[in-house]
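Protein chains: 2
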Amino acid sequence: MGRIGIQEVAQRAGVSTATVSYIINNKKQVSPETRKRVEQSIKELGYRPNEIARSFKTGKKNLVAFIVPDIANNFFSTLIEEIESVLASENYKLMILNTKETKQRELDSINTISRGMVDGVILASTMGDYSEIKDVLPPSIPIIFIDRELPGCPSDSITVNCYDATSAGIENLIAKGHSRIGYITGLPRISTTIERLNAYTAVMKKHGIYDASLIRIGDSMSHCVKTNLDSLLDSGCSAIVITNNVMATEAMLQMLDKGILPGRDVDMLGFKDSFQAQYGLQHMDLIVQPTQELGQLAGRQILKRMADPSAPQERISINAEFVPRR
Amino acid sequence: MGRIGIQEVAQRAGVSTATVSYIINNKKQVSPETRKRVEQSIKELGYRPNEIARSFKTGKKNLVAFIVPDIANNFFSTLIEEIESVLASENYKLMILNTKETKQRELDSINTISRGMVDGVILASTMGDYSEIKDVLPPSIPIIFIDRELPGCPSDSITVNCYDATSAGIENLIAKGHSRIGYITGLPRISTTIERLNAYTAVMKKHGIYDASLIRIGDSMSHCVKTNLDSLLDSGCSAIVITNNVMATEAMLQMLDKGILPGRDVDMLGFKDSFQAQYGLQHMDLIVQPTQELGQLAGRQILKRMADPSAPQERISINAEFVPRR
DNA sequence: TTGAAAGCGCTAACAT
DNA sequence: ATGTTAGCGCTTTCAA
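Here the protein sequences come in this chain order: A and B.
Taking our numbering, the leading residue of the first sequence gets 1302, the next gets one more, and so forth.
Taking our numbering, the leading residue of the second sequence gets 1302, the next gets one more, and so forth.
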């Protein structure tokens, strides 16, 4: 089957390829009769412009890549939805690359998109340091960092400040009388984990109840929770802080299996990725992240950055909110 | 900044562009010295092949589109993960288009990809009938349908047979003594909803306890659950069947809010998208879908279909499993 | 083993 | 208002 091109359309309509191009792109005045003939011809032949050829010629792809650590995490799938809808408003498509929180996969993904496939990149990096991607990042591509920052990185970033909310949450636990407060971290290398842990450390020290042995190192995924939870419970913690949404839900499942009632037997402070009710998180104090807003901001920012690649760096941060259990 | 192309690399290495192309594609024998010089030149210039130009020339994009109804649904994000990893093995990338279970967005997505952007398409369609997309689908593109089938569609399909498992689940409820068994459907137009409802209807009629007034029409999303659940409870149902994973979790949340204990006060039969424990579904009988396998099969099938576009249609179906509450 | 050159389908500058 | 045509960066045929 001979692929139909602009050539065939032009021929059948008795015009030049330029005229056809003008019409499908609405770029120039064309007489109504000509337009009609061409549109007729397009329809009859079932012509569809070849987007690749077009991109090749113009250099514009109308495609943004989102490199994301974990698609299955509701926090990130929410981000995807929001970003996609912002981009759609300017006719950009979104391409998802899933790194599964793996450095190598992130490098591979960056490599993929550094070959001119996309107009811009949104990156929720799993790296611990900017130097790890600096050399492989194409120098010229518009890129913004979302959720996690990399120290020393000169690109735009959109993040959520959880420091204050975390502090408030832990102060609240202490006010309720807890002093042995266990803590399960996310993946240690990422900025969000560090920020939250810093808040915990500061508050605990301020009250003179800091005890490093009550900190457990997690990985932001569910499978790290069980062991850590058990060991914190064994250490006699009366309250436990769990620092992301996935781990928080998993913790509830584990507790329930053990016959422990969160909110009664043990106080919990968890994280949540939206204000919408989420099953399993009813019995916790919560730090709620404005995830939708985060996604919208990121979408708008990459649009802005693509429109003006040489504008000065912007670092935008919005606040999470502490919501005590009612 | 002058973009670096194959031209510059060739010049600096003192060879032709053809030779550079041979080297970066490993397509021909090249003398070791030449290779060395060229590789040196590539490194020094930081050259990266322009993937768009390459696709334009060869017609190969190494890209597959997955048109998916709801990214935030764990069933589909699991599918995405699995498909992506199968495709990665043959160096294909996956592009996600999210339709939010909306016909117009599905049409838009199909339109996008019918302009030569991808080598193949995996479609979890939200349409009710093949005729709704027939005309807009490009005739020549490799495409497979996943999860949901469209009557009369000549393309490959990979689906999960839930009929038997659903029947078993309802038989089980009846064996436990229930006769007023409420039922909340998914989105009515899609094949999975129809199949499951057919199973329910058949079993209930077989036992002479079918009552159409116990059926509520849902939309496969969470927000449809509350009202429907309330009204079924008001109708005096002692057991309730909820026919997808999202709605099942939501139902638990609602019940808990009302102080009703599922598994004690009301028997529930839900759906679940993996064998992995999921919070909130402990107290239900479950129909478990082999979601990962579904994704893997789909990945392999699109690969196969792209390799041989003219092979005869294949319709693959795997079985869901009924797992009574323990 | 290497090079010259055509051409993939389209856009847009320039000419008419 | 419409047409002519160069050329985007690469692959690949054919020749040397």
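Virtual Cβ for every residue (Gly too), placed ideally from N, Cα, C.
A1578(A) CB to nearest chain B CB: under 8 Å?
yes
Using the three-state DSSP reduction, which class does E1450(A) fall into: helix, strand or coil?
coil
My understanding is that I1414(A) touches A1599(A), with C-beta atoms under 8 Å, so please give their C-beta distance in whole angstroms.
Wrong, their Cβ atoms sit about 16 Å apart, outside the cutoff.
Residues in the region 1389-1401 of chain A with C-beta within 9 Å of chain B's C-beta atoms, listed in sequence order?
A1389, K1394, L1395, M1396, I1397, L1398, N1399 and K1401
Taking the C-alpha atoms as reference points, what is the distance between D1512(A) and S1521(A)?
D1512(A) and S1521(A): Cα-Cα distance of roughly 22 Å.
Who are the neighbours of E1385(B) on chain A, taking C-beta pairs under 7 Å?
N1399
Rounded to a whole number of angstroms, what is the C-alpha to C-alpha distance between I1603(B) and I1423(B)?
7 Å
Can you tell which of T1403(B), I1510(B) and E1433(B) has the C-alpha that lies nearest to the C-alpha of C1538(B)?
Checked all of T1403(B), I1510(B) and E1433(B); the closest Cα to C1538(B) is I1510(B).
Going along chain B in order, which residues have a C-beta closer than 7 Å to the C-beta of E1352(A)?
R1416, G1417 and M1418
How about L1364(A) and R1313(A): are their beta carbons less than 8 Å apart?
Not in contact: L1364(A) and R1313(A) (Cβ atoms no closer than 8 Å).
Which class does N1545(A) belong to by DSSP, given the choice of helix, strand or coil?
coil
Give me the residue from P1439(A), E1383(A) and L1380(A) with the minimum Cα distance to N1351(B).
P1439(A)
Using a Cβ cut-off of 9 Å, pull out every chain B residue sitting near Q1583(A), in sequence order please.
Near Q1583(A) (Cβ distances below 9 Å), the residues of chain B are L1554, L1557 and D1558.
Touching or not, the region 1445-1457 of chain B and the region 1398-1408 of chain B, by the rule of three or more beta carbon pairs under 8 Å?
As far as the Cβ criterion goes, the region 1445-1457 of chain B does not touch the region 1398-1408 of chain B, which means the pair count is below three.
For F1376(B), write down the residues that DSSP places opposite it in a beta bridge.
Note: F1376(B) sits in no beta bridge, so no partner.
Taking only heavy atoms of the ligand NAD into account, decide whether any of them is closer than 7 Å to the Cβ of L1451(A).
Within the structure as shown, the ligand NAD is missing, as the structure has no ligands at all.
Closer than 9 Å by beta-carbon distance: list the chain A residues that pair up with S1376(B), in chain order.
It should be pointed out that residue 1376(B) corresponds to Phe in this sequence rather than to Ser. None at all; the shortest Cβ gap to chain A is about 10 Å.
Look at the alpha carbon of N1499(B) and the alpha carbon of M1569(B), and state the distance between them as a whole number of angstroms.
Straight-line measurement puts the Cα of M1569(B) at about 18 Å from the Cα of N1499(B).
Excluding the five sequence neighbours on either side, which residues of its own chain have a C-beta within less than 6 Å of the C-beta of I1516(B), listed in chain order?
Y1484
Here's a check: name, in chain order, each residue in its chain whose Cβ is nearer than 6 Å to the Cβ of N1374(B), leaving out the five neighbours to either side.
V1547
Residue from I1543(A), R1449(A) and K1507(A) whose Cα sits closest to the Cα of I1518(A)
I1543(A)
Which residues in the same chain as V1288(B) place their Cβ atom closer than 8 Å to its Cβ, once the five residues preceding and following it in sequence are excluded?
Because chain B spans 1302 through 1627 in this model, residue 1288(B) falls outside it and cannot be assessed.
Helix, strand or coil: how does DSSP classify T1460(A) here?
strand
Apart from the five residues just before and just after Y1348(A), which ones in its own chain have a Cβ nearer than 8 Å to its Cβ?
So the list reads I1305, G1306, I1307, E1309, V1310 and S1342, once near-sequence residues are dropped.
Taking 8 Å as the threshold (C-beta atoms), are K1362(A) and I1353(B) in contact?
yes
Quick check: is the beta carbon of A1372(A) nearer than 8 Å to any beta carbon in chain B?
In the sequence as presented, Ala is not what sits at residue 1372(A); that position holds Ile. At least one chain B Cβ lies under 8 Å of I1372(A).
Please list the segments of the beta strand (DSSP E) lying wholly inside the region 1577-1624 of chain B, counting only runs of 3 or more residues, in order along the chain.
1586-1589, 1616-1620 and 1622-1624
What first and last residue would you give for the beta strand (DSSP E) that runs through V1369(A)?
L1364 to V1369
Pick helix, strand or coil for K1394(A), following the three-state DSSP scheme.
strand
Is the beta carbon of I1588(A) less than 8 Å from the beta carbon of G1470(A)?
yes
Beta carbon of L1582(B) nearer than 8 Å to that of A1549(B)
Yes.
Quick check: the Cα distance between Q1579(B) and P1591(A), rounded to an integer number of angstroms?
When rounded, the distance between both Cα atoms is 24 Å.
Measuring only between beta-carbons, confirm whether I1368(B) sits less than 8 Å from chain A.
no
Ordered list of beta strand (DSSP E) runs contained in the region 1419-1451 of chain A, each at least 3 residues:
1421-1424 and 1444-1447
Checking 8 Å against the spacing of the C-beta atoms, do T1427(A) and E1402(A) come in under that value?
Closer than 8 Å, so yes.
Listing by chain order, which chain B residues have their CB less than 7 Å from the CB of I1543(A)?
Chain B residues near I1543(A): none, gap ~13 Å exceeds 7 Å.
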